[in-house]
Amino acid sequence: NVCRASIEYFREQQNGSYVLFTSTSGLIGNIGQANYAAAKLGVMGLSRVVAMEGQSKNVRSNIIAPFAWTRMIASIPVKDEASQKRVERFQRTMRADQVAQLAVALCADGAKDTSGQIFCVRGNEVFLFNQPRPVRGMAKLEGWDPSSLIEHALPAMRANYTDLGASMNVFPWDPV
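The sequence shown begins at 10 in our numbering and counts up by one.
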């Protein structure tokens, strides 16, 4: 891939910036897109490791999950008039040039301290996504078995579960 082909050049010049692209299908999930989501989530791991390995040589890597009107999005059938109006709004408000602004900014010297991050662009909105990190933990000195996990660990962690909402549930408002 491009990262492998260019990393030595970036290390030699002790400067470089990757901007990789993913999808909220990988970061959040979307019904019917398991293969696509798995591939796009892999981009997150790749970028994170490139950022970690490049840190000592000022090589950065960040990700953008763009919301933009594309041929792929345009291929989704429109079922009713309300959906058609929403599609027309999205065509006006979610443009590729809006995503490009962040890509250019992340490559600039002014973003030297930004690496290993996950961004999302949705129209005129920019979001920073969190990274997978433990949110709750439990230990049992004598070890766990399925029964004790079901009785104790899972109920204790339930309040910290992430819901299964797709992108439209996470972003229920129209793009700005």
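Glycine residues also receive a C-beta, built at the ideal position from the N, C-alpha and C atoms.
Keep in mind it's a predicted model, so treat the numbers as computed, not measured.
Taking the alpha carbon of residue i as the point to measure from, which residue in the options has its own alpha carbon closest?
i: Leu-137; options: Pro-143, Gln-126, Arg-131, Arg-145; result: Gln-126
i: Gly-54; options: Glu-160, Lys-121, Gln-140; result: Gln-140
i: Val-185; options: Ile-159, Asp-122, Phe-99, Leu-158; result: Phe-99
i: Gly-35; options: Glu-160, Ala-60, Val-52, Glu-151; result: Val-52
i: Ser-124; options: Leu-115, Tyr-170, Pro-75; result: Leu-115
Tell me which same chain residues have a C-beta within less than 7 angstroms of the C-beta of residue i, skipping the five on either side of it?
i: Ser-176; result: Thr-33, Ile-37, Asn-39
i: Ala-120; result: Ala-114
Identify whether residue i lies in helix, strand or coil by the three-state DSSP scheme.
i: Val-144; result: coil
i: Gly-152; result: coil
i: Ile-16; result: helix
i: Leu-137; result: strand
i: Phe-180; result: coil
i: Met-85; result: Sequence inspection shows Ile at residue 85; the Met mentioned does not correspond to that position. Three-state result, Ile-85: coil.
Output the boundary residues of the beta strand (DSSP E) element that contains residue i.
i: Ala-74; result: 68 to 76
i: Phe-30; result: 25 to 30
Who are the Cβ neighbours of residue i in its own chain at under 6 angstroms, not counting the five residues just before and after it?
i: Leu-29; result: Val-52, Ser-56, Ile-72
i: Phe-76; result: Met-103, Arg-131
Could you tell me whether the segment 63 to 79 touches the segment 23 to 34, using the rule of 3 or more Cβ pairs below 8 angstroms?
Contact holds: three or more Cβ-Cβ distances are below 8 angstroms.
Counting pairs of beta carbons, one from the segment 141 to 161 and one from the segment 89 to 106, are three or more of them closer than 8 angstroms?
Output reads no: the segment 89 to 106 does not touch the segment 141 to 161.
I want to know whether the segment 159 to 170 touches the segment 103 to 114 - three or more CB-CB distances under 8 angstroms.
The answer is no - the segment 103 to 114 does not touch the segment 159 to 170, with fewer than three Cβ pairs under 8 angstroms.
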